[in-house]
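Below: the structure, in structure tokens.
Residue numbers (this note's numbering): 6 to 511.
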């Protein structure tokens with residue numbers, strides 16, 4: 006058994022093209038940057054961050070430790086003990102006037118957020134105080150104010166983070182609900198990166214098989230069935246990617262919010278429902294039909310899920326031009342929603358049996374929208390007349406999720422909230438009882454690159470076996486498409502896989 010010859014492989018290195026190793030080139034600017042990392046204004050603590058080659062100079066010239074060996078730094082520029090928070094005086098770099106009493110910490114490169122020398126000054130947060138410290142930093146020759154997101158950008162360029170972790174940090178800052186927080190933490194913790202790297206590594210293994218086949222051919226020098234193994238791996242990858250793509254966009258929806266539209270005939274209680282869910286008088290409620298004429302949307306937290314609820318105009322036939330515009334917008338909102346909640350007055354349905362089929366019982370103006378996917382039903386005004394409470398609500402024989410409540414008497418409202426929460430979590434396979442894995446795709450950018458990778462993998466399978474060079478090219482493109490998600494688009498390490506996994510003469 007003979008190991009694959011390195012010289013033979015390198016001789017064909019022209020086929021393994023060098024693609025840029027990062028999304029963006031490494032920075033050439035060596036300026037040290039600084040910025041206020043906490044919100045401006047009055048507060049208990051303000052944090053000023055400095056990152057770059059001159060961060061240590063800032064520490065030695067503006068930080069006076071109150072006790073211990075670091076106090077000698079006033080006369081000797083000693084390197085402070087890294088990663089240790091010290092109580093100190095923060096002074097003006099020229100006049101040595103004390104600006105504040107606070108805390109300071111030095112993060113030694115590369116073990117810092119940006120992988121550069123970093124200093125954090127923790128001070129009291131007052132506009133005048135923060136302004137004086139920032140003005141003092143401006144006196145340093147090689148310092149400049151940071152641009153928006155520049156600390157995170159440097160962390161990306163220095164290899165501390167990948168693109169999915171950068172996106173996760175932004176999502177974590179913007180998270181308003183528990184599920185958004187969980188999704189962002191998974192990204193920041195590297196879950197998406199690891200999954201993407203695993204997929205990319207599998208593509209590279211397929212590519213390594215083809216490169217060995219091109220170099221040596223099947224026979225005496227290479228075991229039989231190498232191409233078949235590559236095809237089998239590619240088919241497994243296609244199934245995995247298709248599974249991620251067919252996830253009902255739940256990752257994107259959790260990040261941006263579930264769009265839920267409330268629709269139904271006038272005076273069914275749609276606006277009252279919106280006010281109940283938001284716990285405030287967000288919508289005008291009157292007994293006059295057609296009060297709501299435009300879309301009113303609110304962002305709410307329902308069981309940890311971000312939900313964008315839209316109240317729409319009552320659906321009916323009318324000669325009022327303005328109301329008709331509102332009804333048309335209501336149709337558009339319902340069709341563009343992820344979840345649809347039809348509010349009907351139980352008293353108007355005049356139900357006398359245990360089952361209501363809305364294909365027959367619902368108002369004619371509502372029926373077309375009931376057939377939209379993922380529609381739920383809320384039967385309101387159960388207190389007005391004592392009609393039979395249905396046990397089942399169907400649409401042309403198909404059961405629909407439904408709840409019976411009275412908003413005015415607060416009857417069944419808690420059961421409705423609990424049921425809606427469970428329905429949404431079941432719909433998007435979230436929550437502690439879900440058996441599904443967390444969504445991998447959280448942005449349209451991820452989905453676009455996955456679709457590209459899927460197309461290249463399918464193109465590889467469609468390439469004739471007599472054209473292994475062309476087939477290998479499709480695999481390179483597939484690896485590159487997956488790597489774009491994390492910002493890695495280098496396939497040079499195919500050689501390492503070739504040397505470690507293939508044996509000759511089997």
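For glycine and all other residues, C-beta sits at the position ideal for the given N, C-alpha and C. None of the values given here were measured: they were computed from a predicted structure.
Under 7 Å between C-beta atoms of residue 311 and residue 185: yes
Nonlocal neighbours in the same chain, by C-beta distance under 7 Å from residue 231, ignoring five residues either side: 214, 217, 218, 223
Three-state class that DSSP yields for residue 118 in the structure shown: coil
Residue(s) in a DSSP beta bridge with residue 106: 94
Cα-Cα separation between residue 535 and residue 204, rounded to whole angstroms: Residue 535 lies beyond the stretch modelled for the chain, which goes from 6 to 511, so this question has no answer here.
Where the alpha helix (DSSP H) containing residue 425 begins and where it ends: 418-432
Limits of the unbroken beta strand (DSSP E) element including residue 380: 380-385
Exposed unless 16 or more other CB atoms sit within 10 angstroms - verdict on residue 200: buried
Boundaries (first-last residue) of the beta strand (DSSP E) holding residue 316: 310-316
Whole-angstrom distance between residue 326 and residue 245, CA atom to CA atom: 51 Å
Proximity to residue 284 [Cα-Cα], best of 415, 469, 258, 159: 415
C-beta contact flag for residue 173 and residue 192 at 7 Å: yes
Chain-order list of residues whose beta-carbon lies under 7 Å from that of residue 114 (same chain, five-residue window excluded): 120, 121, 122
Residues of its chain near residue 486, where Cβ-Cβ distance is below 7 Å and the 5 sequence neighbours each way are ignored: 454, 457, 458, 461
Rounded C-alpha distance that separates residue 254 from residue 64: 47 Å
Residues bridged to residue 349 [DSSP beta-bridge criterion]: 384
Endpoints, beta strand (DSSP E) assigned at residue 144: Looking at the DSSP string, residue 144 is not in any beta strand (DSSP E), and its letter there is neither H nor E.
Cβ contact (3+ pairs, closer than 8 Å) linking the region 55-63 and the region 128-137: no
Buried versus exposed, by CB contacts within 10 Å (16 or more), residue 350: buried
Nearest residue (CA-CA) to residue 176, options 194, 159, 160: 194
Coil, strand or helix - residue 123 by DSSP: strand
Status (buried if at least 16 other CB within 10 Å, exposed otherwise) for residue 484: buried
Check whether residue 346 and residue 267 have beta carbons under 7 Å apart: yes
Buried versus exposed, by CB contacts within 10 Å (16 or more), residue 127: buried
Distance, residue 211 Cα to residue 221 Cα: 16 Å
Expected contact under 8 Å - CB spacing of residue 399 and residue 362 to nearest Å: 5 Å
Residue 230 (DSSP reduced to helix, strand or coil): coil
Residue 29 in three-state terms, based on DSSP: Unreliable placement is indicated for residue 29, whose pLDDT of 41 sits below 50; the coordinate value is still reported in the next sentence. Residue 29: coil per DSSP, three-state reduction.
Run of the alpha helix (DSSP H) containing residue 481, from where it starts to where it stops: 473-491
Anticipated Cβ contact below 8 Å, residue 466 with residue 281, distance rounded: With 8 Å as the limit, residue 466 and residue 281 do not qualify as a contact, their Cβ atoms being about 54 Å apart.
Alpha-carbon spacing of residue 52 relative to residue 143, whole angstroms: 16 Å
Candidates 152, 397, 197, 278, of which the one nearest residue 492 by Cα: 197
Residue 418 to residue 445 span [Cα, whole Å]: 35 Å
Neighbour-count burial assignment, residue 85, 16 or more Cβ in a 10 Å radius: buried
CB-CB length for residue 87 against residue 111, believed under 8 Å: 5 Å
Same chain, Cβ closer than 8 Å to residue 468, five either side skipped, listed in chain order: 475, 476, 479
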